[in-house]
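Reviewing the structure listed below.
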Amino acid sequence: MKEVLNSSVFFSVMLTIIGYELGISLKKKFHYAIFNPLLVDIIFVILVLVIFDVDYENYNAGAKNLTYLLTPATVCLAIPLYQQFDLLKHNLKAIFAGIVSGVFTSLGSVFILAYLFGLSHEEYVTLLPKSITTAIGMGVSEQLGGIVTITVAAIIITGVFGNMAAEWILNFFHIKDPVAKGIAIGTAAHAVGTAKALEMGEIEGAMSSLSITVAGLLTVIGASIFANIL
Numbered sequence: 001m002k003e004v005l006n007s008s009v010f011f012s013v014m015l016t017i018i019g020y021e022l023g024i025s026l027k028k029k030f031h032y033a034i035f036n037p038l039l040v041d042i043i044f045v046i047l048v049l050v051i052f053d054v055d056y057e058n059y060n061a062g063a064k065n066l067t068y069l070l071t072p073a074t075v076c077l078a079i080p081l082y083q084q085f086d087l088l089k090h091n092l093k094a095i096f097a098g099i100v101s102g103v104f105t106s107l108g109s110v111f112i113l114a115y116l117f118g119l120s121h122e123e124y125v126t127l128l129p130k131s132i133t134t135a136i137g138m139g140v141s142e143q144l145g146g147i148v149t150i151t152v153a154a155i156i157i158t159g160v161f162g163n164m165a166a167e168w169i170l171n172f173f174h175i176k177d178p179v180a181k182g183i184a185i186g187t188a189a190h191a192v193g194t195a196k197a198l199e200m201g202e203i204e205g206a207m208s209s210l211s212i213t214v215a216g217l218l219t220v221i222g223a224s225i226f227a228n229i230l
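Each residue of the sequence shown is one higher than the one before, starting from 1 at the first, in my numbering.
Dropping the structure here:
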């Protein structure tokens with residue numbers, strides 16, 4: 001069995017898709033945030049690889065083909081933004097201020113925690129792009145000399161946590177405005193968080209989609225500056 005799985009071209013892709021579909025089914029049935037499809041998929045894939053003793057390199061050789069869909073999937077998020085373009089124009093200053101604040105908070109928190117815990121420069125720059133989409137974050141980490149694989153893990157963890165906790169946090173701080181909700185989620189939890197914003201409503205989804213792009217661009221600039229501080 002191990003030889004068959006290690007040599008199969010389609011095994012990795014099918015395993016990943018099955019795990020995600022399992023996550024969707026569990027989320028629909030139980031309605032708990034912990035059953036986030038991406039989180040369930042990660043756990044499912046890890047269990048299968050361990051149980052059948054499949055080498056990660058062999059799995060990744062096939063699964064990496066799915067990463068090619070990251071960029072077009074992110075671009076597709078522009079559709080809900082276009083549908084709310086008038087709302088964007090009327091709240092442009094507030095939206096931009098919110099995204100800038102979110103990016104600065106993300107980079108600043110990484111700097112403070114890295115300083116307090118004595119992280120090396122390599123570890124520090126690895127975590128700087130944690131709140132932007134994987135397609136951009138990988139490039140930023142590589143350019144700054146970080147560990148790209150850990151950056152990807154940090155981005156996924158940030159997104160999954162944001163997806164799971166977003167609604168609770170917004171309710172706790174009594175944030176009701178749909179524009180504010182979308183900006184907060186998109187800036188803090190990129191595309192994975194945006195999936196939650198889209199569940200909340202069209203406006204939340206549109207503003208979160210905008211935040212992914214703008215926050216990504218600002219983080220590219222901000223990370224380069226913050227990388228020289230520590």
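Glycine included, each C-beta is placed from N, C-alpha and C at the ideal position.
All figures in this text were calculated on a predicted structure; none of them were measured in a lab.
What first and last residue would you give for the alpha helix (DSSP H) that runs through residue i?
i	result
Thr67	Taken as a continuous stretch (DSSP letters only), Thr67 belongs to no alpha helix (DSSP H), as it is neither H nor E.
His90	Phe85 to His90
Val160	Val148 to Phe172
Lys130	Per DSSP, Lys130 belongs to no alpha helix (DSSP H) and is neither H nor E.
Gly19	Phe11 to Phe30
Lys196	Pro178 to Met200
Ile34	Note, Ile34: premise wrong, no alpha helix (DSSP H); not H, not E.
What does the Cβ neighbour count give for residue i, buried or exposed, with the cut at 16 atoms within 10 Å?
i	result
Lys89	exposed
Glu122	exposed
Glu204	buried
Gln83	exposed
For residue i, I'd like the list of residues in its chain whose CB is within less than 6 Å of its CB, leaving aside the five on either flank, ordered along the chain.
i	result
Leu127	Val110 and Ala154
Ala33	Met164
By Cβ distance, which residues of its chain are closer than 8 Å to residue i, with the 5 residues on each side in sequence left out?
i	result
Ala223	Leu107, Val125, Leu128, Pro129, Val140 and Leu144
Tyr20	Pro37, Leu38, Val40 and Asp41
Thr71	Ala135
Give every residue of the same chain whose Cβ lies closer than 7 Å to the Cβ of residue i, excluding the five residues on either side of it in the sequence, and list them in chain order.
i	result
Tyr115	Leu230
Handout entry: Stretch-stretch touch, CB-based, cutoff 8 Å, three pairs: the region 37 to 49 with the region 67 to 81
Key = Not touching, per the Cβ criterion.
Problem - the region 200 to 218 touching the region 71 to 80, judged by at least three CB pairs closer than 8 Å - result: yes
Handout entry: Stretch pair the region 131 to 147 + the region 164 to 173: three plus CB contacts closer than 8 Å
Key = No contact exists between the region 131 to 147 and the region 164 to 173.
Exercise for the section: Assess, as a yes-or-no matter, whether the region 181 to 192 is touched by the region 219 to 228 under the definition of 3 or more beta carbon pairs within less than 8 Å. Expected result: no
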